[in-house]
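Number of protein chains: 2
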Amino acid sequence: MAARLDLGTRPRLGYSASRVDRAAERRADADAMRALESNSRARAYVIGGELIVLRKTNEGLDPLFAWAEARALAGVAETTFLGLVDGAPRFAVAIEPNAATALKDNSAFEVTDLRSIAVRGLIDADHLPPLAEGKALLGWHAHHRFCPNCGSATQAVEAGWRRDCPACQTQHFPRTDPVAIMLPVAGDRCVLGRSHRFQPGMWSCLAGYIEPGEAIEDAVRRETREEAGIACGRVAYFASQPWPFPTSLMIGCHAEAISHEIVIDRNELVDARWFDREEVASMIARKHPEGLTAPAPVAIAYHIIRAWVEDGVEFG
Amino acid sequence: MAARLDLGTRPRLGYSASRVDRAAERRADADAMRALESNSRARAYVIGGELIVLRKTNEGLDPLFAWAEARALAGVAETTFLGLVDGAPRFAVAIEPNAATALKDNSAFEVTDLRSIAVRGLIDADHLPPLAEGKALLGWHAHHRFCPNCGSATQAVEAGWRRDCPACQTQHFPRTDPVAIMLPVAGDRCVLGRSHRFQPGMWSCLAGYIEPGEAIEDAVRRETREEAGIACGRVAYFASQPWPFPTSLMIGCHAEAISHEIVIDRNELVDARWFDREEVASMIARKHPEGLTAPAPVAIAYHIIRAWVEDGVEFG
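Protein sequence lines correspond, in order, to chains Y and H.
Numbering follows our numbering, with no gaps: position 250 of the first sequence is 250.
Numbering follows our numbering, with no gaps: position 205 of the second sequence is 1205.
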């Protein structure tokens, strides 16, 4: 193991470590839910597709609206109960994406996407997990208004945590898509890739959706071989992160690369190559001579890469 | 750490360690797919809802059918490409559940569910991962024939790996539901629970679906508190397992219990209590004086529990 590098304090993983008690047992109780809605401490986040509406205040930007305020902003498409924070009810309210875009012209509000909010640190980090919860859940509602089993229109029930089909009686639960995101490593080298979507100079982990009938570890090996042509042996889980773009769960791993020649799948990646540990350290520290960078700390990829740079990996 | 107990060889985790190369790059190529279908080495698994059709042969039960054989059994509802095994194409064919039930009366076949096949060891274990792949994928098709975005009928494309909506153009991908399954532990004691569905005397891990906007570790803590009233601190990932009943991905963890009083959620569990390590060892070895048991080795719960009994847990 190389000496520890000075990369500063390790920042918090974005959207994780929620302080919200989801109080799931309350969801099915319509009377309890009405009482929570009319609670004077009830507050709501307002979400329109990819956009989050923030209130400008003298103290900075505030993502919380009183219940009546939230409902007065625009037509409400859906509401959902996120849980309790120190006993105070928190909701998320969906407005139409067009309505959110229109609020950009109102100087009382800052309207922007959740990734920018997290990366730029626009609000207290404690708001990021419930915003992720609300965005993922409301995004699911927006695109699941019909029953995939029979095609009928469905109805939201249980405070926004289920949709029921009145025709075929099927109950539909919110969807969460598990994604394997991994760093293939071999000694003091690792493989990073660049997708079409990345900003210039940024390199990151490989990633892909876990498929039906597939273990996390098998998905890590398959995706690494498909995208970069690298065979992997052992896989070590690192950490996970909700990623509400739209409804992913990122499952971060290190993988033991057992082949070396890279073959790039040009449909998935524009580039992939081996990097030395020292070069990656300079990317994390934003001191790379050619300006190459790793992802921002809001993404689990940053932490997967940094953990390997600082501590290496032990495959069990 | 206590001395290692003699519990015999640790068996393979069910449905994992697939030898199938999914060859995902072939899925979108219709010509390549037709060639694979007409390949003389092409074979298919036949699945009707929860039931798998096995051929009786002199050498035992065989889950593989030649392409024409599979199609002759019953009307084909859906087909999907699973991948290649040593270059030989493997498919899964869906027939209607009623048709599979009817084949139970045909002495040429054994028709039973995948869990029984795995627990009773009816076929070579190498078939379990592709059967899990096929069952999860075909189960998704069976209940996703309509577009959740607009209600129109959708069409299977990409060799069964996507459904497209001709009306609103949305592409739908197979669904996989991540589930947290965990053993809360404190020194030489752990918490096990019993659900309504368990056979008498069986105790297992706690488990629950990971929700939108939630990290695996947060889901472990939430579910343990909801179901058994136990607060947990650190969480250590153990392993994962596809669980195609219908489309789950089991994510196995150990959790550091930091409270002790159990409060049972009677909607979820019929019982939960603390067990000593020695008692759990006797359950795994099937030598418990009162006949209590742990789950069968096909389930990840067996492995999560056994790993703690044999090796303890290190929370990082």
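The beta carbon of each residue, even a glycine, is placed where N, CA and C say it ideally should be.
How would you list, in chain order, the residues of chain Y whose beta-carbon sits under 9 angstroms from the beta-carbon of Glu1050/H?
On the second sequence, residue 1050/H is found 50 positions in, with the first residue counted as 1. Residues of chain Y passing the Cβ test: none, with the nearest at roughly 15 angstroms.
Name, in chain order, the residues that DSSP records as bridge partners for Arg1055/H.
For the purposes of this step, residue 1055/H is identified with residue 55 of the second sequence, where counting begins at 1. DSSP, once it has assigned bridges, lists Asp1062/H and Phe1109/H as partnering Arg1055/H.
Quick check on Ile1300/H: does DSSP put it in helix, strand or coil?
Against the second sequence, residue 1300/H aligns to sequence position 300. DSSP places Ile1300/H in helix when its eight states are reduced to three.
Mind the definition here: the stretch 1009 to 1020 of chain H touches the stretch 1115 to 1132 of chain H only if three or more C-beta pairs lie below 8 angstroms; say whether that holds.
yes
Following the continuous beta strand (DSSP E) through Pro1130/H, name the residue where it begins and the one where it ends.
Residue numbering aside, residue 1130/H sits at position 130 when the second sequence is read from its first letter. Taken as a continuous stretch (DSSP letters only), Pro1130/H belongs to no beta strand (DSSP E), being part of the alpha helix (DSSP H) at Leu1128 to Ala1142.
By Cβ distance below 7 angstroms, which residues in the same chain neighbour Ile1210/H in space, the five residues on each side in sequence not counted?
Here residue 1210/H corresponds to residue number 210 of the second sequence, with the count starting at 1. Contacts found: Pro1178, Val1179, Ala1180, Ile1216 and Ala1219.
Closest Cβ-Cβ distance between His143/Y and chain H: below 8 angstroms?
In the first sequence, the residue the question calls residue 143/Y occupies position 143. Cβ-Cβ to chain H under 8 angstroms: yes for His143/Y.
First and last residue of the alpha helix (DSSP H) that includes Val1270/H?
As a working mapping, residue 1270/H is identified with position 270 in the second sequence. Per DSSP, Val1270/H belongs to no alpha helix (DSSP H) and is neither H nor E.
Can the beta-carbon of Ser1240/H be found less than 8 angstroms from the beta-carbon of Met1250/H?
Position 240 of the second sequence, counted from the first residue, corresponds to residue 1240/H. Position 250 of the second sequence, counted from the first residue, corresponds to residue 1250/H. Cβ distance < 8 angstroms, so Ser1240/H and Met1250/H count as in contact.
Using a Cβ distance threshold of 8 angstroms, determine whether the stretch 52 to 60 of chain Y contacts the stretch 23 to 37 of chain Y, with at least three qualifying pairs required.
no
Please identify the residue among Val85/Y, Phe91/Y, Asp86/Y and Ala294/Y whose C-alpha is closest to the C-alpha of Arg194/Y.
Residue 194/Y sits at position 194 when you count from the first residue of the first sequence. If we check each option's Cα against that of Arg194/Y, Ala294/Y comes out closest.
Distance check for Ala68/Y and Arg41/Y, CA to CA, integer angstroms please.
Taking the first sequence and counting its residues from 1, the one referred to as residue 41/Y is at position 41. Taking the first sequence and counting its residues from 1, the one referred to as residue 68/Y is at position 68. For Arg41/Y and Ala68/Y, the distance between alpha carbons rounds to 12 angstroms.
So the candidates are Pro289/Y, Lys287/Y, Ala231/Y and Phe238/Y; which of them puts its Cα closest to the Cα of Ile264/Y?
Along the first sequence, read from residue 1 onward, the residue named residue 264/Y stands at position 264. The candidate whose alpha carbon is nearest that of Ile264/Y is Ala231/Y.
Specify the secondary structure class of Pro1318/H as computed by DSSP and reduced to three states.
Given that chain H is displayed from residue 1001 to residue 1316, the structure contains no residue 1318/H and the question cannot be resolved.
What residue range does the alpha helix (DSSP H) around Asp1225/H cover?
Position 225 of the second sequence, counted from the start, is the residue given in the question as residue 1225/H. The residue asked about is misnamed: residue 1225/H is Arg in this sequence, not Asp. Counting along the chain, the alpha helix (DSSP H) containing Arg1225/H begins and ends at Ile1216 to Ala1228.
Pull out every residue of the stretch 192 to 220 of chain Y whose Cβ sits closer than 8 angstroms to any Cβ of chain H, in chain order.
Tyr209, Ile210, Glu211, Pro212, Gly213, Glu214, Ala215, Ile216, Glu217 and Asp218
Going by CA-CA distance only, name the one from Asn39/Y, Ala301/Y, Val53/Y and Ser18/Y that's closest to Asp183/Y.
To locate residue 183/Y, count along the first sequence from 1; it is residue 183. The amino acid at residue 183/Y is misidentified as Asp; the sequence shows Leu. Nearest option by C-alpha distance: Ala301/Y.
Three-state secondary structure (DSSP) of Pro1242/H
To locate residue 1242/H, count along the second sequence from 1; it is residue 242. Note: Pro1242/H maps to strand in three-state DSSP.
For Glu1078/H, tell me which candidate among His1127/H, Gly1008/H, Ala1044/H and Val1313/H has the shortest Cα-Cα distance.
For the purposes of this step, residue 1078/H is identified with residue 78 of the second sequence, where counting begins at 1. The shortest Cα separation from Glu1078/H among His1127/H, Gly1008/H, Ala1044/H and Val1313/H belongs to Ala1044/H.
Can you tell me where the beta strand (DSSP E) holding Ile117/Y begins and where it ends?
Position 117 of the first sequence holds residue 117/Y. Taken as a continuous stretch (DSSP letters only), Ile117/Y belongs to no beta strand (DSSP E), being part of the alpha helix (DSSP H) at Leu114 to Arg120.
Taking Cβ-Cβ distances shorter than 9 angstroms, what residues in chain Y pair up with Leu1137/H?
Translated into the one-based positions of the second sequence, residue 1137/H becomes position 137. Neighbours of Leu1137/H on chain Y, chain order: Glu211, Pro212 and Gly213.
How many whole angstroms separate the CB atoms of Ala1159/H and Arg1027/H, which I take to be in contact at a CB cut-off of 8 angstroms?
Residue numbering aside, residue 1159/H sits at position 159 when the second sequence is read from its first letter. Residue numbering aside, residue 1027/H sits at position 27 when the second sequence is read from its first letter. Going by Cβ atoms, the distance from Ala1159/H to Arg1027/H rounds to 4 angstroms, so yes, they are a contact pair.
Which residue's Cα is closest to the Cα of Val313/Y: Arg189/Y, Gly121/Y, Pro129/Y and Asn39/Y?
Here residue 313/Y corresponds to residue number 313 of the first sequence, with the count starting at 1. The shortest C-alpha separation from Val313/Y is found at Arg189/Y.
Could you check the C-alpha separation between Thr1009/H and Asn1106/H for me, to the nearest Å?
Working through the second sequence from its first residue, we reach residue 1009/H at position 9. Working through the second sequence from its first residue, we reach residue 1106/H at position 106. Computed Cα separation, rounded: 38 angstroms.
Supposed contact pair Val1235/H and Arg1221/H - C-beta distance, whole angstroms, cut 8 angstroms
As a first step, residue 1221/H must be located in the second sequence, where it is residue number 221. As a first step, residue 1235/H must be located in the second sequence, where it is residue number 235. Indeed they touch by this definition, with Cβ atoms about 7 angstroms apart.
CA-to-CA distance, Gly1048/H to Leu54/Y, given in whole angstroms
As a position in the first sequence, residue 54/Y is number 54, starting the count at 1. As a position in the second sequence, residue 1048/H is number 48, starting the count at 1. Using only the alpha carbons, I get a separation of about 51 angstroms.
By alpha-carbon positions, which one of Val1185/H, Phe1238/H, Glu1268/H and Pro1130/H ends up nearest to Phe1198/H?
Locating residue 1198/H in the second sequence gives position 198, counting from the first residue. Of the candidates Val1185/H, Phe1238/H, Glu1268/H and Pro1130/H, the one whose C-alpha sits nearest the C-alpha of Phe1198/H is Glu1268/H.
Taking only beta-carbon atoms, is Ala24/Y less than 8 angstroms away from chain H?
In the first sequence, residue 24/Y corresponds to position 24, counting from 1. Yes, Ala24/Y lies at the interface with chain H (some Cβ there is under 8 angstroms from its Cβ).
State whether the stretch 1129 to 1140 of chain H contacts the stretch 1080 to 1093 of chain H, with contact taken as three or more CB pairs (one from each stretch) at a distance under 8 angstroms.
yes
Limits of the alpha helix (DSSP H) - the one that Glu279/Y falls within
Your numbering for residue 279/Y matches position 279 in the first sequence. From DSSP, the alpha helix (DSSP H) with Glu279/Y extends over Arg277 to Ile284.
Whole angstroms are fine: how far does the CA of Leu137/Y sit from the CA of Ala92/Y?
Residue 92/Y sits at position 92 when you count from the first residue of the first sequence. Residue 137/Y sits at position 137 when you count from the first residue of the first sequence. Ala92/Y and Leu137/Y: Cα-Cα distance of roughly 9 angstroms.
Sequence-distant residues of the same chain with beta carbon closer than 8 angstroms to Trp1161/H, five excluded per side
Looking up residue 1161/H in the second sequence gives position 161. Result list for Trp1161/H: Ala1024, Arg1027, Thr1080, Phe1081, Leu1137, Phe1173 and Pro1174, in chain order.
Give the DSSP-derived three-state secondary structure of Leu1292/H in the structure shown.
The residue given as residue 1292/H occupies position 292 in the second sequence. DSSP places Leu1292/H in coil when its eight states are reduced to three.
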